[in-house]
Amino acid sequence: MHPRSAPLLAVLLTLGVAAQSPPPPIEAEPLLKVLVARGPSIAVHIDREVRLETPAGFLKLAAATHVFEARGEGWGVSGSDLSFEDTGLLPGQGRPIFRVDATPLFGEPRRLRLAGDLLVHAAAGQVEVIERLPMERYLAAVVAAEMNPGWPVQALAAQAIVARSYAAARWMERNDEAWQLHWHFGVDMAYPGWSEQHASVARAIAPTRGEMLMYRGFPVLALFNASSGGLTEAFDRIKPGVLAPDRKTPIAAAMPVVEDDAALPGAKGLALSASHGRWKSDIPLPEVTSALQRWSKAGQGRPSFGTVEAVSILERHDDSLRVDTVSIRHRLDAKTRFQSLPATDFRMAVSPLRIRSTLWDRCVIASKAPGYLVLNGRGFGHGCGLSQVSAWYLAKKGASAEAIVARFYSGAKIERRY
């Protein structure tokens with residue numbers, strides 16, 4: 012636990028802060044705002060004295076742990092009676108002087124070291140801490156977290172183009188909001204904060220600076236996955252109804268279903284066939300029951316489940332061969348019932364690690380007590396966009412980053428925007 016009090020070295024001084032102008036079009040490197048933590052109070056450890064700047068003035072904060080607290084419609088700092096309604100700024104020093112326990116979508120908090128500017132503001136009775144940093148610095152951290160830095164340079168470069176496209180789309184779509192990206196991979200992409208830069212990642216990213224996938228004048232919200240299993244999935248099945256940043260232009264055509272003959276050999280070459288190639292999963296039916304009941308209670312309007320007796324494929328997509336809908340037979344209130352459920356929801360409810368994709372070759376129930384759901388499938392992840400094991404394989408075979416990316420986003424074009 013962080014201490015809840017810290018010394019404040021000065022009183023409020025006047026400081027004029029001009030209103031921020033609208034973000035520019037993507038003609039220069041964007042400054043991204045990444046949500047790091049949200050809660051009633053957030054502890055930030057500061058390694059050296061900094062100045063907390065607000066439109067009303069500033070406070071000098073000593074090198075210590077400071078707790079930012081929600082106060083009514085605004086926020087404040089422990090140890091001070093002052094409260095603020097506008098966004099506060101802790102200027103970065105170009106090196107990691109801040110440490111924050113980041114709030115995950117799921118799992119345990121993770122302590123991040125941060126080198127960018129920190130923004131603090133109130134939102135719906137809570138306080139948010141946001142890091143502001145340049146796109147390319149953000150990408151260096153994301154690429155090293157999303158892909159093994161020891162992989163071929165062209166695979167890393169392909170990941171950089173795709174991740175830059177995704178971040179640019181979020182930046183343009185949300186440029187008038189408090190933040191554009193969440194640090195956790197369960198919301199956007201995996202951002203681990205500051206770390207020593209990998210030389211291989213730096214070499215990969217530098218030649219791609221400013222390159223991103225564009226479709227009808229907008230950066231593409233480019234999805235990616237661990238392994239397609241041999242066929243990718245269509246964007247509109249993973250993100251139904253999602254449009255370009257203008258909120259008008261459909262973008263599904265940028266990421267259609269494509270055959271991917273590099274996925275299985277890529278998984279084999281990486282010795283990941285059992286997890287990223289052809290996989291098998293035996294899941295006890297009582298565990299399926301418990302998982303679906305937890306999922307049911309976790310959201311409004313979700314169907315209720317009794318004791319699960321069987322799961323079968325109800326519908327499958329003709330092009331991607333992925334399961335669209337499953338039928339679940341269960342006993343509830345002494346009656347046998349059948350409930351259909353999107354396969355993606357079923358996968359996430361039961362376990363995305365045990366049900367590694369929706370590209371199933373076999374789905375049966377084994378009668379051995381206590382009863383098992385037996386699945387044989389291919390790939391790992393939702394399957395839309397760049398398949399990472401495929402990128403590894405193609406780079407090993409001599410493909411350029413641009414050629415790798417073009418295979419998976421055939422409806423879009425790569426453009427250098429800055």
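In our numbering, the protein residues as written are 12 to 429. Even for Gly, the Cβ is constructed at its ideal location relative to N, Cα and C. These numbers were taken from a predicted model, which means no experiment stands behind them.
By the three-class DSSP mapping on this structure, what secondary structure does residue i have?
| i | result |
| --- | --- |
| Q311 | coil |
| F246 | helix |
| L101 | strand |
| T300 | helix |
| R305 | helix |
| A135 | coil |
| T318 | strand |
| R333 | coil |
For residue i and residue j, what's the separation of their Cα atoms in angstroms?
| i | j | result |
| --- | --- | --- |
| H193 | R49 | 11 Å |
| L43 | I425 | 21 Å |
| S32 | T98 | Residue placement at S32 cannot be trusted, given a pLDDT of 37 that sits under 50; what the coordinates show is reported in the next sentence. Between S32 and T98, the C-alpha separation is close to 15 Å. |
| A264 | E84 | 43 Å |
| I249 | S301 | 25 Å |
| D112 | A156 | 18 Å |
| H195 | A237 | 16 Å |
| A74 | G310 | 42 Å |
| G103 | V319 | 53 Å |
| P34 | P353 | Caution is warranted here: a pLDDT of 36 is assigned to P34, below 50, making its placement in the model unreliable, and the coordinate value is therefore given only provisionally. Rounded to the nearest angstrom, the two C-alpha atoms are 38 Å apart. |
| K379 | E298 | 15 Å |
| S368 | P251 | 18 Å |
Beta-carbon within less than 8 Å of residue i's beta-carbon, same chain only, minus the 5 sequence neighbours each way: which residues are those?
| i | result |
| --- | --- |
| G87 | F79, E80, L93, S94, F95 |
| A8 | Because the chain spans 12 through 429 in this model, residue 8 falls outside it and cannot be assessed. |
| V269 | L242, T243, R418, F419, S421 |
| P256 | A180, M183, E184, F229, P230 |
| Q137 | R49, G50, P51, A81 |
Using a Cβ-Cβ cut-off of 7 Å (strictly less than) and excluding sequence neighbours within five positions of residue i, which residues of its own chain qualify?
| i | result |
| --- | --- |
| R15 | Bear in mind that the predicted position of R15 carries a pLDDT of just 36, short of 50, making it unreliable; the figure below should be weighed with that in mind. The residues are V78, S89. |
| A412 | Q165, A168, A169, I172, T219 |
| S145 | The question names Ser, but residue 145 in the sequence shown is Pro. Cβ neighbours of P145 beyond the five flanking positions: E40, L42. |
| P120 | D112, A113, T114 |
Once you ignore the five residues that flank residue i on each side, which residues in its own chain have a CB closer than 6 Å to its CB?
| i | result |
| --- | --- |
| S176 | M223, L224, P230, V231, A233 |
| A273 | S401, Y404, L405 |
| G382 | L296 |
| D293 | Y383, V385 |
| I415 | A169, A402, L405 |
| E190 | A small fix is needed here, since residue 190 is Trp in this sequence, not Glu. K44, L46, I141, listed in sequence order. |
| F235 | V173, G396, L397 |
| F316 | L303, Q304, S307, H341 |
Quiz item: Which ranges does the alpha helix (DSSP H) cover as unbroken runs of at least 4 residues, wholly within the stretch 346–418, from first to last along the chain?
Solution: 354–361, 399–407
Exercise. List in chain order: all unbroken beta strand (DSSP E) runs of 3+ residues lying wholly within the stretch 147–233.
Key: 222–226
Quiz item: Where are the beta strand (DSSP E) runs, 3 residues long or more, that stay fully inside the stretch 30–79, in chain order?
Solution: 42–50, 52–57, 61–65, 68–72
Self-check item: Residue ranges of each alpha helix (DSSP H) within the stretch 251–296, 4 or longer
Solution: 274–280, 284–287
Quiz prompt | the stretch 392–411 touching the stretch 162–182, judged by at least three CB pairs closer than 8 Å | solution = yes
Quiz item: With a cut-off of 8 Å, do at least 3 Cβ pairs link the stretch 368–381 to the stretch 315–332?
Solution: yes
Quiz item: How do the stretch 279–291 and the stretch 379–390 stand: do at least 3 beta-carbon pairs fall below 8 Å, yes or no?
Solution: yes
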